[in-house]
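Here the structure comes first, spelled out in structure tokens, and everything after it is commentary.
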Amino acid sequence: MRTAIFPGTFNPYTRGHQSIVERGLKLFDRIVIAVGYNEHKAEASAGASAQAIVDEIAALYADDDRVEVSLYKGLTVDFAREVGACCILRGVRSTIDFEYEKTLADVNRRLSGIETVLLYTLPELACVSGTMVRELAHNGVDVTEYLARRD
Numbered sequence: 054m055r056t057a058i059f060p061g062t063f064n065p066y067t068r069g070h071q072s073i074v075e076r077g078l079k080l081f082d083r084i085v086i087a088v089g090y091n092e093h094k095a096e097a098s099a100g101a102s103a104q105a106i107v108d109e110i111a112a113l114y115a116d117d118d119r120v121e122v123s124l125y126k127g128l129t130v131d132f133a134r135e136v137g138a139c140c141i142l143r144g145v146r147s148t149i150d151f152e153y154e155k156t157l158a159d160v161n162r163r164l165s166g167i168e169t170v171l172l173y174t175l176p177e178l179a180c181v182s183g184t185m186v187r188e189l190a191h192n193g194v195d196v197t198e199y200l201a202r203r204d
């Protein structure tokens, strides 16, 4: 069974994230959505606890046994090894994201031998980021169209 982890803080879990998981399931048998908690990053816990995020995402995939959702702390590669992942799955919206993800992929491969698979965000979702959604919501804008949902 080919397992990938899809790590992030997912605050909030957007339609862009959901799209990466749906498309990733065409490449992998199992995806573990790894909700990272870093007590040194203020934005990692802004607005919602990490466990609440895990619970919300898990509810979206309750009927799909190919998707698991877990909370983790520490290095992503250590968690990947813990769940038997062969790859780290990441989404890329722009060239800025690509440069950042390439650096992370190089470090992760060097530390563990685990490869990173990048999927480009669908064009219609490229503007969606957790930061943008949080900012809009903070200013009273209805962000429902940007949030993941059960279809």
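According to our numbering, the sequence shown is numbered sequentially starting from 54. No residue lacks a Cβ here, since even glycine has one placed at the ideal position from N, Cα and C.
CYS140 is bridged by DSSP to ALA57, GLU168.
DSSP, read as helix, strand or coil, puts SER182 in coil. By the criterion of a C-beta distance shorter than 6 Å, ILE86 is surrounded in its chain by PHE59, ILE110, VAL122, once the five residues flanking it on both sides are discounted. Contact check between the segment 62-71 and the segment 102-121: three or more CB pairs, one atom from each, fall below 8 Å, which counts as touching.
For GLY193, the secondary structure class from DSSP, reduced to helix, strand or coil, is coil.
Per the C-alpha coordinates, the member of PHE132, MET54, LEU157 positioned closest to ARG143 is LEU157. Between GLU154 and ARG162, the C-beta spacing is not below 8 Å. When the alpha-carbon of ILE141 is set against those of TYR125, SER147, THR129, the nearest one is in THR129. Each residue's CA atom was taken as its position, placing ARG83 and VAL120 some 6 Å apart.
If you draw a straight line from the Cα of VAL136 to the Cα of GLN104, it comes to about 18 Å. Linking ILE73 to GLU152 through their CA atoms gives a straight-line distance of about 18 Å.
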